[in-house]
Amino acid sequence: MPRVSNTFQVDLRGIVDLLSHHLYASPRVYVRELLQNAVDAITAVGPEHEGVVVITSSDRSGDGTLRIDDNGIGLTEAQVHELLATIGRSSKRDELGFARHEFLGQFGIGLLSCFLVADEIRVHTRRGDATPVLWTGYSDGRYDVRPGDDREPGTTVTLMPRRGAEHYLTAETVAELAGTYGALLPVRVMVDDRKVTVGTVPWNLPPESRMAYAERTLGFRPFDVIELDVPAAGLTGAAFVLPTPVNPATRGGHRVYLKRMLLSESIEGLLPEWAFFARCVVDSTELRPTASREALYDDGLLAETREAIADQLRGWLVRLSTTDPRRLAAFLSIHHLGVKALALHDDEMLRLVEQWYPMQTNMGEVTLAEFRARHGVLRYASTADEFRQLAAVAAAQDVGLINGGYVYDAELIQRLALVDPEVRAERLDPTDLTTRFTAVDTEAELRLRPFLAAAQRRLDRLGCEVVVRVFDPVTLPALYLVSREAAFQDEFTASRDQADDLWGGVLDALARTVPSDRPQLVLNHRNPLVRRVTALGDDELAGLAVESLYGQALLLGHHPIRPSDAALLTTSFLGLLDRAVPGESHKKDQD
Numbered sequence: 001m002p003r004v005s006n007t008f009q010v011d012l013r014g015i016v017d018l019l020s021h022h023l024y025a026s027p028r029v030y031v032r033e034l035l036q037n038a039v040d041a042i043t044a045v046g047p048e049h050e051g052v053v054v055i056t057s058s059d060r061s062g063d064g065t066l067r068i069d070d071n072g073i074g075l076t077e078a079q080v081h082e083l084l085a086t087i088g089r090s091s092k093r094d095e096l097g098f099a100r101h102e103f104l105g106q107f108g109i110g111l112l113s114c115f116l117v118a119d120e121i122r123v124h125t126r127r128g129d130a131t132p133v134l135w136t137g138y139s140d141g142r143y144d145v146r147p148g149d150d151r152e153p154g155t156t157v158t159l160m161p162r163r164g165a166e167h168y169l170t171a172e173t174v175a176e177l178a179g180t181y182g183a184l185l186p187v188r189v190m191v192d193d194r195k196v197t198v199g200t201v202p203w204n205l206p207p208e209s210r211m212a213y214a215e216r217t218l219g220f221r222p223f224d225v226i227e228l229d230v231p232a233a234g235l236t237g238a239a240f241v242l243p244t245p246v247n248p249a250t251r252g253g254h255r256v257y258l259k260r261m262l263l264s265e266s267i268e269g270l271l272p273e274w275a276f277f278a279r280c281v282v283d284s285t286e287l288r289p290t291a292s293r294e295a296l297y298d299d300g301l302l303a304e305t306r307e308a309i310a311d312q313l314r315g316w317l318v319r320l321s322t323t324d325p326r327r328l329a330a331f332l333s334i335h336h337l338g339v340k341a342l343a344l345h346d347d348e349m350l351r352l353v354e355q356w357y358p359m360q361t362n363m364g365e366v367t368l369a370e371f372r373a374r375h376g377v378l379r380y381a382s383t384a385d386e387f388r389q390l391a392a393v394a395a396a397q398d399v400g401l402i403n404g405g406y407v408y409d410a411e412l413i414q415r416l417a418l419v420d421p422e423v424r425a426e427r428l429d430p431t432d433l434t435t436r437f438t439a440v441d442t443e444a445e446l447r448l449r450p451f452l453a454a455a456q457r458r459l460d461r462l463g464c465e466v467v468v469r470v471f472d473p474v475t476l477p478a479l480y481l482v483s484r485e486a487a488f489q490d491e492f493t494a495s496r497d498q499a500d501d502l503w504g505g506v507l508d509a510l511a512r513t514v515p516s517d518r519p520q521l522v523l524n525h526r527n528p529l530v531r532r533v534t535a536l537g538d539d540e541l542a543g544l545a546v547e548s549l550y551g552q553a554l555l556l557g558h559h560p561i562r563p564s565d566a567a568l569l570t571t572s573f574l575g576l577l578d579r580a581v582p583g584e585s586h587k588k589d590q591d
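Everything in the sequence shown is counted per UniProt numbering, starting at 1 for the first residue and increasing by one.
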């Protein structure tokens with residue numbers, strides 16, 4: 001066979017730039033590409049063939065080169081020209097006689113990735129009884145083909161290192177990369193007489209060994225391990241449930257293998273967003289990689305696979321609810337956000353949350369099912385502040401109240417009422433509580449009129465209505481209640497004050513349609529302090545006391561303090577001091 005010299009059909013220097021800056025994230029992938037080519041060649045021989053790949057590092061070779069030998073099918077001269085002279089061409093189906101999906105890589109592009117670390121690549125190969133061939137490619141785009149020395153069928157690839165890239169060919173680096181990418185390959189891979197393949201996929205290990213694998217590889221001892229199987233994608237593997245809470249916005253990557261070759265340790269898009277509590281290690285024969293083979297191609301099969309895995313995670317949760325409720329409760333205490341996010345769209349998960357997830361109420365932590373059995377109606381506060389303002393008073397009136405202020409809780413309560421006609425859900429309006437308060441008797445009401453008139457004059461400038469009622473707990477002197485309409489009115493007024501002339505005019509027009517409803521300061525006539533205040537015959541002193549009760553009600557109810565409220569608290573306190581020690585405050589101010 002004569003020697004043939006030629007150049008690649010594209011500028012190799014441009015290809016190397018493309019590979020290093022746009023296709024591959026790191027030169028480290030060259031080991032993966034070499035392994036892929038070797039395993040493909042072994043696969044082409046047949047399923048009974050016992051394949052072996054031997055990598056000789058630059059430390060062992062003695063001349064600074066790296067060699068990778070396989071006992072695969074090898075190439076003829078014609079295949080060498082076909083596969084190595086045409087960049088990106090894939091002819092494995094035609095030339096090797098096997099369906100394309102049986103193979104891991106694309107021989108031409110895969111071999112060219114070696115130019116990221118080498119200036120010269122030699123391919124010494126033989127197929128069957130054909131004449132051995134030596135192909136040599138150079139980083140300037142030249143290559144030549146000549147007869148090779150006699151050898152057994154198979155292929156040897158030799159890399160001459162680029163200046164500055166020598167460390168990529170050393171024993172330590174090559175062993176680490178070969179173990180990372182090829183540990184699960186079904187063929188034996190050796191690096192300088194050291195075996196880097198393990199032969200068993202981690203999800204087939206005994207339970208304790210799987211836990212140890214997760215600690216070693218993923219960095220945590222999992223809460224549980226869920227086996228995964230998606231036949232349509234040829235996917236098997238496991239989902240390792242995180243033992244500690246994580247930020248749902250942080251999307252952890254998954255360890256994905258394609259035909260037992262690691263694609264990446266940080267693949268995204270394999271699970272739905274709500275499943276942030278799991279990290280997967282899977283192998284697939286049918287999912288497609290992107291051009292760089294460092295991510296999954298987002299197609300219909302990937303979407304189908306994602307939904308199938310979601311079903312299996314969902315099934316695991318449902319099984320826990322029936323077979324191990326305590327373990328489910330422990331899981332929910334860690335990863336409730338993910339389950340609640342799923343329950344917003346999944347009826348089965350919604351029922352699971354209803355039965356098993358404890359929510360904060362003014363009667364303690366109970367599930368929605370327990371709350372409904374006790375109170376009938378799922379009455380809830382939509383924000384945590386609103387719950388803090390009303391919880392104690394509602395409990396004193398024997399009104400059960402759920403804190404819907406945590407993420408998804410109010411939405412879950414509303415959805416439960418939508419999907420189940422037997423469930424009643426109501427958002428508690430603060431003013432609804434006043435309907436459960438008792439009005440004072442007629443004689444007391446007549447006696448209180450002068451006090452209420454004086455108190456109302458003091459709080460009119462704050463837009464607050466003063467009323468007196470009888471309610472529990474007796475220890476609470478005053479309650480500040482803001483209806484939803486009043487809260488909207490406050491927000492509307494604040495927006496009007498900040499608007500420019502154009503939008504101010506629009507808001508002025510809308511103001512006529514905004515309901516007028518004022519907040520209420522409800523004084524508890526059962527409280528001894530309130531009884532003493534209402535009995536004061538001094539309108540000024542009573543007014544100062546009411547202002548102090550107003551400030552106390554704001555603070556106890558966790559209401560926001562406006563500048564006018566803060567000023568009122570100060571002036572009322574100073575006024576009470578003046579009445580207690582006449583002239584003392586004035587004297588101190590002068591000092």
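Ideal Cβ positions, reconstructed from N, Cα and C, are used throughout, including at glycine.
Taken through DSSP and simplified to helix, strand or coil, G364 comes out as strand.
Around E547, the same chain offers R458, L568 and S572 as residues with beta carbons nearer than 7 Å, after the five sequence neighbours per side are excluded. The alpha-carbon of L235 is positioned some 9 Å away from that of Y257. Two segments are said to touch when three or more pairs of C-beta atoms, one from each, lie closer than 8 Å; by this definition the segment 401–416 does not touch the segment 447–457.
Assignment of V230 by DSSP, reduced to helix, strand and coil, places it in the strand class. Secondary structure of A165 (DSSP, three-state): coil. Contact annotation: A171 and D192 have beta-carbon atoms nearer than 8 Å. Residue pairing for H124: DSSP places it in a beta bridge opposite L134 and T156. A residue is called buried when at least 16 other Cβ atoms come within 10 angstroms of its Cβ; K195 does not meet this threshold and is exposed. In this structure, A396 keeps its C-beta atom at 8 Å or more from the C-beta atom of D299. Rounded to the nearest whole angstrom, the CA to CA distance from T131 to S209 is 48 Å. With contacts defined by Cβ atoms closer than 8 Å, L111 and N37 form a contacting pair. In the DSSP assignment, the residues bridged to I68 are I55 and V157.
Considered as a whole, the segment 355–407 harbours 368–375 and 384–396 as its complete alpha helix (DSSP H) runs of no fewer than 4 residues, in chain order. The Cβ neighbour count for V53, taken over all protein chains shown within 10 Å, is at least 16; the residue is labelled buried.
For the pair T367 and L262, the CB atoms are not nearer than the 8 Å cut-off.
In the three-state DSSP reduction, H254 falls in the strand class (E or B). The Cβ atoms of L313 and A278 lie closer than 8 Å to each other. Less than 8 Å divides the Cβ of R127 from the Cβ of T76. Spatial neighbours of Q414 in its own chain (CB-CB distance under 7 Å, excluding positions within 5 residues in sequence) are listed in chain order as A425.
Proximity of the segment 217–234 to the segment 340–358 falls short of the contact definition, fewer than three beta-carbon pairs being nearer than 8 Å.
At the C-beta level, P325 and W356 come within 8 Å of one another. S58 sits buried, since 16 or more C-beta atoms from the chains shown fall within 10 Å of its C-beta. Going by beta carbons, S483 and D517 fall inside the 8 Å limit. Of the candidates L350, V123, V407 and R319, the residue whose Cα lies closest to the Cα of R67 is V123. Residues of the same chain with a CB within less than 6 Å of the CB of T158, apart from the 5 flanking positions on each side, are T65, R67 and R122 in chain order. Rounded to the nearest whole angstrom, the C-alpha separation of P27 and F331 is 41 Å.
Taken through DSSP and simplified to helix, strand or coil, A275 comes out as helix. The C-beta of E443 has fewer than 16 other C-beta atoms within 10 Å across all chains shown, which makes the residue exposed.
Per DSSP, T570 is not a residue of any beta strand (DSSP E); the alpha helix (DSSP H) it occupies stretches across P563 to A580. L523 is positioned such that its CB atom lies closer than 8 Å to that of V468.
Between the beta-carbon of L287 and that of L302 there is about 6 Å, and that keeps the pair under the 8 Å contact cut. Contact between V470 and V440 holds, with the beta-carbon distance rounding to 6 Å and staying under 8 Å. The alpha-carbon of L205 is positioned some 30 Å away from that of T290.
For V241, the three-state secondary structure derived from DSSP is strand. According to the DSSP assignment, I267 belongs to the beta strand (DSSP E) that extends over M261 to I267.
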